[in-house]
Amino acid sequence: MRASDLLKPRPEGLYCPPGDFFIDPVRPVGRALITHGHSDHARSGHRSVLATQETLDIMGLRYGEDFAGTTQAAALGETLDINGVAVTFHPAGHVLGSAQICVEHGGMRIVASGDYKRQNDATCLPFEPIRCDVFITEATFGLPVFRHPPDHEEIARVLRSAAQFPERSHLIGAYALGKAQRVMRLLRDAGYDSPIYIHGALAKLSEYYQSQGIDLGQLEPATVESRGKADFAGAIVVGPPSAFADRWARRFPDPISCFASGWMRIRQRAKQGGVELPLIISDHADWDELIITIKETGAEEIWVTHGREEALVRWCELEGIAARPLHLVGYEDEGD
Ligand SMILES: [Zn+2]
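Residue numbers are given in our numbering: position 313 of the sequence shown equals residue 1073, and the series is strictly consecutive.
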């Protein structure tokens, strides 16, 4: 079987003709297999959804329990048969519940990795390289300039700043699913044991992470109405990036604005966003991780989905690996 007969790009997303299903479709479809809960990959309105239990739970929290007609939980490493196509979910190391989807039929094995990273992350299972004929990779940070430093070094910079300016508050912008909980967990691992104040938009997902055994320590609502401004002196507050342009952020005492994102590698971007303390913490593979992962899969062919496809395609070609961009639209990751 040819790879392009097993999976092919369609406007709705990647489609498997023999299995009659889509992976991470961006429009409502009959049967959707979903890699993870970020809103650009996990949309509501499909007739049926197959995903890990955590991803199904997260979709339920974000969209309400009726987000799909029917749902089925995929256990990691367990092969399911969909119209004669073998489908197996494997951990992707991106956010809680995130999975790569391995599709196998007629001697052809394709792995669609969704979003992934290789750095350690105590809030989700680590990425597992799967041998395959075709590996489908993202390329969010697919340029050699993107190299993510160790996350604990980035978190140590926040704690040093907090020690240096005990009268000021530190506001960390972090995406609501995955990044926020990872940042909190990193603070705990670095020995920070004061309460962490969180924006209301993070409450449900953070509670869910805690219910899954991911200890984030004591979290308190960052509601200024219920406290005096001075109570937040020295506090660390975590909120979604969108909240930082709000009046909400201006209520904290002399706040130092931090933002946890792979994009913080680009100084100009931090400056434009008014970020004083950029934290290069990403839930996506950096250039080196993309390269090592491609090699580990042993794939003879690489398909590149969203991000900066050109450089990665070029690198593959120079290495003698066939590669092509898929030009899928609709993936602007909310969790970079
Ligand atoms: Zn994602």
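Heads up, the beta-carbon is just placed ideally off N, CA and C, and yes, glycines get one too.
{"Asked": "So, under 8 Å CB-CB, ILE915 and GLN941 are touching, yes? Tell me the CB distance rounded to an integer number of Å.", "Found": "Contact doesn't hold; Cβ gap of about 13 Å is too wide."}
{"Asked": "What number of angstroms, rounded off, separates the C-alpha of GLY1106 from the C-alpha of THR812?", "Found": "Residue 1106 cannot be examined here, being either before or after the span of the chain that is shown, 761 to 1096."}
{"Asked": "My guess is that PHE901 and TRP1008 are in contact by the Cβ rule of under 8 Å, so how many angstroms apart are they, rounded?", "Found": "About 29 Å; that fails the 8 Å criterion."}
{"Asked": "Please report how far the alpha carbon of PRO769 lies from the alpha carbon of GLU1061, in whole angstroms.", "Found": "16 Å"}
{"Asked": "Rounding to the nearest angstrom, what Cα-Cα distance links LEU965 and LEU1078 in this structure?", "Found": "43 Å"}
{"Asked": "For LEU919, which of VAL789, VAL1064, ILE956 and GLY938 has the nearest alpha-carbon?", "Found": "ILE956"}
{"Asked": "Distance check for ILE818 and PRO886, CA to CA, integer angstroms please.", "Found": "19 Å"}
{"Asked": "On the DSSP letters alone, give me the boundaries of the alpha helix (DSSP H) that CYS1076 sits inside.", "Found": "1069–1078"}
{"Asked": "Whole angstroms is fine: what's the gap from PHE1019's alpha carbon to ASP765's?", "Found": "42 Å"}
{"Asked": "Report back the beta-carbon spacing between GLY837 and HIS854 to the nearest angstrom; my notes put them in contact at under 8 Å.", "Found": "No, GLY837 and HIS854 are not in contact; Cβ-Cβ is about 17 Å, not under 8 Å."}
{"Asked": "DSSP on PRO769, reduced to helix/strand/coil?", "Found": "strand"}
{"Asked": "What number of angstroms, rounded off, separates the C-alpha of HIS1044 from the C-alpha of PHE895?", "Found": "16 Å"}
{"Asked": "Looking at the unbroken beta strand (DSSP E) that takes in THR1057, where does it start and where does it end?", "Found": "No beta strand (DSSP E) holds THR1057; the alpha helix (DSSP H) holding it covers 1047–1057."}
{"Asked": "Could you check whether the Cβ of ASP875 sits closer than 7 Å to any heavy atom belonging to ligand 1?", "Found": "yes"}
{"Asked": "Span of the beta strand (DSSP E) holding THR848?", "Found": "845–851"}
{"Asked": "Restricting to Cα atoms, I'd like to know which of ALA882, THR839 and PRO926 is closest to PHE992.", "Found": "PRO926"}
{"Asked": "Keeping to the same chain, check which residues put their C-beta closer than 6 Å to that of GLY779; ignore five residues upstream and five downstream.", "Found": "ILE842, ASN843 and VAL845"}
{"Asked": "Which residues does DSSP list as the beta-bridge partners of ASP841?", "Found": "ALA846"}
{"Asked": "In the DSSP assignment, find the unbroken beta strand (DSSP E) run with MET728 in it and report its ends.", "Found": "Examination of residue 728 is not possible in this model, given that the chain is present from 761 through 1096 alone."}
{"Asked": "Could you pull out every unbroken alpha helix (DSSP H) segment of at least 4 residues lying fully inside the segment 951–984, listed in chain order?", "Found": "963–971"}
{"Asked": "Alpha helix (DSSP H) containing ARG945: first to last residue?", "Found": "939–949"}
{"Asked": "Which of the three DSSP states, helix, strand or coil, is assigned to VAL786?", "Found": "coil"}
{"Asked": "For TYR775, collect the residues of the same chain with a Cβ closer than 6 Å to its Cβ; drop the 5 residues on either side in sequence, then sort them by chain order.", "Found": "LYS768 and PHE782"}
{"Asked": "Near SER804, which residues of its chain fall below 6 Å by C-beta distance, leaving aside the five closest residues on each side in sequence?", "Found": "TYR823 and PHE827"}
{"Asked": "Apart from the five residues on each side of it in sequence, which residues of its chain come closer than 6 Å, Cβ to Cβ, to ARG1029?", "Found": "TRP1023"}
{"Asked": "As a quick exercise: from SER921, VAL863, CYS1076 and ARG787, pick the residue whose alpha carbon is nearest that of SER1017.", "Found": "SER921"}
{"Asked": "So, under 8 Å CB-CB, ALA936 and LEU962 are touching, yes? Tell me the CB distance rounded to an integer number of Å.", "Found": "5 Å"}
{"Asked": "How is HIS865 classed by DSSP in three states: helix, strand or coil?", "Found": "strand"}
{"Asked": "Near ALA950, which residues of its chain fall below 7 Å by C-beta distance, leaving aside the five closest residues on each side in sequence?", "Found": "HIS912, ILE915, ALA916 and LEU919"}
{"Asked": "Going by the CB atoms, is the gap between ILE1051 and TRP1075 shorter than 8 Å?", "Found": "yes"}
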